[in-house]
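K.L.:
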Amino acid sequence: MVLIVEYEIATPILRRTVEAVSRIDIEEIYQSATGETKLIVWMYASDLNGVESALADDETVQSFTLLEERSDRRLYSVSLSDRGEEHLTYPAAAEYDIAYLDITVTKDTRIRARIPTRDALMAYRDHCRERDIPFRIHRIFSESDAIGDRYGVTEHQREALLAALDEGYFDVPRETTLSAIAATLDISDQALSARLRRGQANLLQNTLRKPDAPDEPGEWDPS
1 MVLIVEYEIA
11 TPILRRTVEA
21 VSRIDIEEIY
31 QSATGETKLI
41 VWMYASDLNG
51 VESALADDET
61 VQSFTLLEER
71 SDRRLYSVSL
81 SDRGEEHLTY
91 PAAAEYDIAY
101 LDITVTKDTR
111 IRARIPTRDA
121 LMAYRDHCRE
131 RDIPFRIHRI
141 FSESDAIGDR
151 YGVTEHQREA
161 LLAALDEGYF
171 DVPRETTLSA
181 IAATLDISDQ
191 ALSARLRRGQ
201 ANLLQNTLRK
211 PDAPDEPGEW
221 DPS
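Per UniProt numbering, the sequence shown starts with residue 1, numbered consecutively.
Have a look at this one:
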């Protein structure tokens, strides 16, 4: 049964940085050609002056690059340090075919993920606990019962896909550019590209490769 799981973990990753902002949204996690783990992150705050000092002092950050700046937020590319890598749960999630849908960092790290089976969820949870990473589940429900998340597409992904469709981005030849759509949505080209890729992957996974119907509907209490 494919599950949508909302949970919290407590890791030191970006913990020093988030003290200087109201919240951090992680748009993408990937490995560079040199093997570095990189995060594409939005930093939100009413006063952004202390963000880069906090990043420089954050022991989980190796380096960072400002990609875009708005009045209330900045987009950064962040490379993790060895300490950051040690506490990263993304490799374990990938091992168990777990797909992150949304990641928000405040006092804890809140994650919304698609998890293929209950066994995968338990294995991932055990991996976190074995590494002394607190793991707390908030909500679990079957993907087919997800309200407002039809086909596993998040609200941000849905907005991006519909904007691209309406503006003719998927037409042949294209009627618009990625940059034009990104400007309309007030996000960066890189953030829009990530949302479109994830959204299309979710649609394909849940239409052309539609999972089997769950054996029981609604929320599930793992205890």
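Backbone N, C-alpha and C fix where the C-beta goes; we use that ideal spot for every residue, glycine too.
(1) Out of Arg-158, Ala-92, Gln-62 and Pro-91, state which residue places its alpha-carbon closest to the alpha-carbon of Gly-84.
(2) Determine the closest residue to Leu-80 out of Ala-93, Pro-116 and Ile-40, with distance taken between C-alpha atoms.
(3) Need the endpoints of the beta strand (DSSP E) that Asp-58 sits in, please.
(4) Is Arg-110 helix, strand or coil by DSSP?
(5) So, at 8 Å on beta carbons, what are the nonlocal neighbours of Arg-174 in its own chain, with the 5 sequence-adjacent residues on each side left out?
(6) Measure the C-alpha to C-alpha separation of Ala-164 and Ile-181 and round it to an integer number of angstroms.
(7) By how many angstroms is the C-alpha of Val-172 removed from the C-alpha of Ser-77?
(8) Determine the extent of the alpha helix (DSSP H) in which His-156 is found, giving its start and end residues.
(9) May I ask you to report which of helix, strand or coil DSSP gives Gly-148?
(10) Quick one: give me the first and last residue of the alpha helix (DSSP H) that Thr-34 is part of.
(11) Does the distance from the C-beta atom of Pro-12 to that of Thr-89 stay below 8 Å?
(12) Measuring alpha carbon to alpha carbon, tell me which of Asp-47, Pro-91 and Asp-58 ends up nearest Tyr-30.
(13) Looking only at its own chain, which residues have a Cβ that is under 6 Å from the Cβ of Val-105, when we skip the five neighbours before and after it?
(14) My output table needs one value for Leu-101: the three-state DSSP class, helix, strand or coil.
(15) Spatial neighbours of residue 253 within its chain, please: C-beta separation below 7 Å, excluding the five flanking residues on both sides.
P.N.:
Taking the coordinates as given:
(1) Position 84 of the sequence shown holds residue 84. Minimum Cα distance to Gly-84 is reached at Gln-62.
(2) One-based indexing of the sequence shown puts residue 80 at position 80. Checking every option, the nearest Cα to that of Leu-80 belongs to Ile-40.
(3) For this step, residue 58 is matched to residue 58 along the sequence shown. Here Asp-58 belongs to no beta strand (DSSP E), and DSSP marks it neither H nor E.
(4) As a working mapping, residue 110 is identified with position 110 in the sequence shown. Of the three classes helix, strand and coil, the one that applies to Arg-110 here is strand, per DSSP.
(5) Indexing the sequence shown from 1 puts residue 174 at position 174. Here the set comprises Gly-168.
(6) For the purposes of this step, residue 164 is taken as the residue at position 164 of the sequence shown. For the purposes of this step, residue 181 is taken as the residue at position 181 of the sequence shown. Looking at the two C-alpha atoms, the distance is approximately 7 Å.
(7) Here residue 77 refers to the residue found at position 77 when the sequence shown is read from its first residue. Here residue 172 refers to the residue found at position 172 when the sequence shown is read from its first residue. So the two alpha carbons sit approximately 32 Å from each other.
(8) The residue you call residue 156 lines up with position 156 of the sequence shown. Looking at the DSSP string, the run of the alpha helix (DSSP H) that includes His-156 is 155 to 166.
(9) As a first step, residue 148 is located in the sequence shown; it is residue number 148 there, counting from the start. Confidence is the limiting factor: at Gly-148 the pLDDT is only 46, short of 50, which leaves the residue's position unreliable, though a coordinate-based value still follows. It is coil, neither helix nor strand.
(10) As a first step, residue 34 is located in the sequence shown; it is residue number 34 there, counting from the start. Where Thr-34 is concerned, there is no enclosing alpha helix (DSSP H), given that its DSSP letter is neither H nor E.
(11) Position 12 of the sequence shown, counted from the first residue, corresponds to residue 12. Position 89 of the sequence shown, counted from the first residue, corresponds to residue 89. Taking 8 Å as the Cβ cut-off, Pro-12 and Thr-89 do not qualify as a contacting pair.
(12) The residue labelled residue 30 in the question sits at position 30 within the sequence shown. Among Asp-47, Pro-91 and Asp-58, the Cα nearest to that of Tyr-30 belongs to Pro-91.
(13) For the purposes of this step, residue 105 is taken as the residue at position 105 of the sequence shown. Contacts found: Leu-14, Val-18 and Ile-24.
(14) Translated into the one-based positions of the sequence shown, residue 101 becomes position 101. The answer is strand: DSSP assigns Leu-101 an E or B state.
(15) The question about residue 253 has no answer here: the residues shown for the chain are numbered 1 through 223.
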